[in-house]
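Worksheet for the structure shown next.
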Amino acid sequence: MITVNHYLLLSAFLFAIGTFGVLTRKNAIVIFMCIEVMLNSVNLTFIALSRHVGNMDGQIFVFFVMTVAAAEAAVGLALMIAFFRNKDSIDTDDFNMLKW
Amino acid sequence: MEAILFYLTALVAIVSAVFVTQCRNPINSALNLITTFLCLAVFYVMLESPFMAAIQIMVYAGAIMVLIVFVIMLLNLGLAVKTRYTHGLAGGGVLAAIILLLANYFIRAGEATGTGGEITSEVIAKYGHTELIGRAMFVDFLLPFEIASILLLVAIVGAVILSKREV
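In structure tokens:
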């Protein structure tokens with residue numbers, strides 16, 4: 001029998017993997033994709049707990065998380081294109097123009 | 101049967117999430133990320149939320165991933181692939197392990213309480229998941245819905261401004 005704890009553990013695993021990717025990768029687009037993995041693991045938590053509790057609010061929240069993720073994708077990728085145009089690279093090690 | 105499906109899909113989801121973080125080529129990462137999204141859609145169906153599964157596939161695996169793959173192919177990253185592509189492996193690994201252990205500890209420390217809400221399996225089978233979502237969204241959450249639409253508009257304008265050559 002699959003309980004809500006199984007889903008929570010799975011999303012903890014996915015969140016940890018996403019954290020690892022965000023902290024260790026250099027390519028900004030891959031970091032962005034790892035953030036998407038983390039967002040999705042949280043969505044899984046929301047839906048599992050929403051079904052467990054018997055309430056629709058968690059699933060509405062997932063809807064808004066997806067909206068924010070879409071807006072973030074549009075703006076973040078536009079930023080990366082603008083950065084690549086200036087620096088010819090999207091390594092996070094080159095993101096140092098604000099450093100004094 | 102449900103347990104077998106759960107464990108198989110969870111295995112695929114975790115392995116492809118690991119490949120997202122480890123693939124050298126960003127395109128391979130993107131394809132593995134799509135696999136993870138599809139596995140999560142399977143979980144949403146298992147949790148009796150078919151509308152969420154459809155949205156997951158259409159918005160995430162469809163729209164957002166098309167955007168990401170498009171940008172990867174637009175930026176020609178041929179040289180960047182050949183150099184060193186990770187940093188801080190030890191620190192990142194330790195921090196991720198700490199997060200995993202803490203989450204495991206808290207999840208295993210007790211049972212999730214608070215069952216017995218009004219949305220049961222019978223209610224979902226009677227009305228349909230989409231109708232329940234629509235009712236909740238357009239009656240209880242109308243103002244957040246409008247705010248989300250403003251957010252999307254701002255994001256579109258911001259993306260256009262940022263990617264223009266001359267503002």
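Heads up: the protein sequence lines correspond to chains A and B, in order. In this text, residue positions in the first sequence follow this note's numbering: the first is 1, and each later residue adds one. In this text, residue positions in the second sequence follow this note's numbering: the first is 101, and each later residue adds one. Think of the CB as a built atom: it goes at the ideal place given N, C-alpha and C, for glycine as much as any other residue.
Beta carbon proximity, residue 144 of chain B to chain A, threshold 8 Å = With respect to chain A, the C-beta atom of residue 144 of chain B has a partner C-beta closer than 8 Å.
query = For residue 52 of chain B, is the classification buried or exposed, using 16 other Cβ atoms within 10 angstroms of its Cβ as the cut-off for buried?
reply = What the structure shows of chain B is the stretch from 101 to 267, and residue 52 of chain B is not part of that stretch, so it cannot be assessed.
Euclidean distance between Cα positions of residue 134 of chain B and residue 116 of chain B = Approximately 9 Å, taken between the alpha carbons.
message = Cβ closer than 7 Å: which chain B residues qualify as neighbours of residue 55 of chain A?
response = What residue 55 of chain A touches in chain B: 217 and 219.
inquiry  = Give me the chain A residues within the contact set of residue 150 of chain B, using Cβ-Cβ distance strictly less than 7 Å, ordered along the chain.
reply    = The premise fails here: residue 150 of chain B is roughly 11 Å from chain A at the closest Cβ pair, so nothing lies under 7 Å.
message = With a threshold of 6 Å on Cβ separation, who are the neighbours of residue 153 of chain B within its own chain once the five nearest residues in sequence on each side are excluded?
response = The beta carbon of residue 153 of chain B lies closer than 6 Å to those of 141, 144 and 145 in the same chain, with the five residues before and after it left out.
ask   = To the nearest whole angstrom, what separates the beta carbons of residue 71 of chain A and residue 138 of chain B, a pair I think is in contact under 8 Å?
value = Here residue 71 of chain A is actually not in contact with residue 138 of chain B; their C-beta atoms are around 23 Å apart, not less than 8 Å.
query = Where do the ends of the alpha helix (DSSP H) carrying residue 102 of chain B lie?
reply = First-last of the alpha helix (DSSP H) with residue 102 of chain B: 102-122.
query = Shortest alpha-carbon distance to residue 69 of chain A belongs to which of A/40, A/93 and A/23?
reply = Residue A/40 is the option with its Cα nearest to residue 69 of chain A.
message = Let me confirm a value: residue 73 of chain B is counted as buried when at least 16 other C-beta atoms fall within 10 Å, else exposed. Which label applies?
response = The shown model of chain B, from 101 to 267, leaves out residue 73 of chain B, and the question about it has no answer.
request  = Establish whether the CB of residue 97 of chain A and some CB of chain B are separated by less than 8 Å.
outcome  = For residue 97 of chain A, the answer is no, since every Cβ of chain B falls outside 8 Å of its Cβ.
C-beta contact flag for residue 129 of chain B and residue 118 of chain B at 8 Å = No, Cβ-Cβ distance for residue 129 of chain B and residue 118 of chain B is not below 8 Å.
request  = Anything in the segment 37-48 of chain A with a Cβ closer than 8 Å to a Cβ of chain B? List those residues in chain order, please.
outcome  = Only 37, 40, 43, 44, 47 and 48 from the segment 37-48 of chain A bring a Cβ to less than 8 Å from some Cβ of chain B.
request  = Compute the minimum distance between the beta carbon of residue 72 of chain A and the heavy atoms of the ligand COA, and state whether it is under 7 Å.
outcome  = This structure lacks the ligand COA, and indeed carries no ligand of any kind.
query = By Cβ distance, which residues of its chain are closer than 8 Å to residue 238 of chain B, with the 5 residues on each side in sequence left out?
reply = Taken in chain order, the residues that qualify are 245.
task = Determine the chain A residues that contact residue 112 of chain B at a beta-carbon separation under 9 Å, and present them in chain order.
result = What residue 112 of chain B touches in chain A: nothing, since even the nearest Cβ is about 11 Å away.
task = Mind checking who residue 186 of chain B pairs with in its DSSP beta bridge?
result = Answer by DSSP bridge pairing, in chain order: A/25.
message = Considering only their Cβ atoms, is the gap separating residue 256 of chain B from residue 74 of chain A smaller than 8 Å?
response = The answer is yes: Cβ separation under 8 Å.
key: Residues that residue 27 of chain A contacts on chain B, provided the C-beta gap is smaller than 8 Å   = Neighbours of residue 27 of chain A on chain B, chain order: 126, 177, 180 and 185.
query = So, is the C-beta of residue 35 of chain A closer than 8 Å to a C-beta in chain B?
reply = Not an interface residue.
inquiry  = Quick test of your reading: residue 30 of chain A and residue 18 of chain A, contact by CB under 8 Å. State the CB separation rounded to the nearest angstrom.
reply    = Contact doesn't hold; Cβ gap of about 11 Å is too wide.
message = Give the list of continuous beta strand (DSSP E) stretches no shorter than 3 residues that lie fully inside the segment 222-266 of chain B.
response = Counting whole runs of 3 or more residues, the segment 222-266 of chain B contains no beta strand (DSSP E) stretch at all.
message = Less than 8 Å between the C-beta atoms of residue 167 of chain B and residue 79 of chain A, yes or no?
response = No. Outside cutoff.
request  = Ignore the nearest five residues each way along the sequence and tell me which others in residue 49 of chain A's own chain have a CB closer than 7 Å to its CB.
outcome  = Cβ neighbours of residue 49 of chain A beyond the five flanking positions: 4 and 58.
task = May I ask you to list the residues that DSSP assigns as paired with residue 91 of chain A?
result = Bridge partners of residue 91 of chain A: A/27.
request  = Could you have a look at residue 207 of chain B and say whether DSSP puts it in helix, strand or coil?
outcome  = The answer is helix: DSSP assigns residue 207 of chain B an H, G or I state.
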